[in-house]
Amino acid sequence: MVNTILAPDRKALAEERDAEPQVHHAPIGFSDRFALGFTKLLRFTADTFFAKRYGHRAIVLETVAAVPGMVGAMFTHLSCLRRMKDDEGWIRTLMEEAENERMHLITFIEIAKPTLFERLVILLAQWVFLVLFSLLYLFSPRTAHRVVGYFEEEAVISYTLYLKEIDEGRSANVPAPAIAKHYWKMPANATLRDVVLLVRADEAHHRDVNHGFASKLGGRPVDPALAAPYPPHANDIRLNA
């Protein structure tokens, strides 16, 4: 296995997520089953189009993943204004998620260098998903957050497979892009594998937060740590916005 060269605190985080078993929220009721089915349909589409081209898959994945946080923050903001109630930290959490996913996208664009056709696919996917997710959030925020939770489950799987490709030599462990080193405060000799470990840790956190939000909206008990206003490692591995 290829060794990581992350600083001690970041390496500890990566190893913690590396040892963590794949988490899956078992669907309860129609809303959860719809969310899971929709996610599996998109996963099948990605598998068919990109196969094992994980760098290119990551670009489309992150293009779509950057939408829900912004949409959720906007609708939550408007809801709080109408109801004259506090957001309980949700808006900042969702904005942080959107910004984080955008940085994932910019990082993998530097790595994979998408073709013109792939850029057009990305553009189309973003607009289609923006419309669909906005409608879903308008009618059922709980289902929308559950969809994101399942999306992130699939993202963790995809990045785990990407790590396997790197470790087994099928994908080159190239130097990390400069923008990734700056954003995550990585050392000068950081590599793609280090980037993927940190991205996967981010996705695992987004998974837990969105499943927590969905459960809270559904009136189910939620571990407070799963709906924390800020990712626990935010101050340690990335620059403040």
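Take 0 as the starting number for the sequence shown in numbering that gives the first Met the number 0 and just add one per residue. Glycine included, every Cβ here is placed at the ideal spot set by N, Cα and C.
Check, Outcome
"Buried/exposed call for ARG81, threshold 16 Cβ in 10 Å", "exposed"
"The region 108 to 118 in contact with the region 57 to 72 per 3-pair CB rule at 8 Å", "yes"
"Rounded straight-line distance, which links the Cα of GLN125 to that of VAL22", "27 Å"
"Runs of alpha helix (DSSP H) wholly within the region 149 to 223 (minimum 4 residues, chain order)", "177 to 182 and 191 to 216"
"Environment of ASP201 [buried if 16+ CB atoms lie within 10 Å]", "buried"
"Buried/exposed call for GLU87, threshold 16 Cβ in 10 Å", "exposed"
"Cα-Cα separation between TRP183 and LEU40, rounded to whole angstroms", "32 Å"
"Other residues of its chain near ARG206: CB distance less than 7 Å, five sequence neighbours each side excluded", "VAL22, GLY148, GLU151, GLU152 and VAL155"
"Three-way DSSP call (helix, strand, coil) for PRO26 in this model", "coil"
"Top-ranked residue by Cα proximity to ASN209, from MET83, PHE74, LEU77 and THR92", "THR92"
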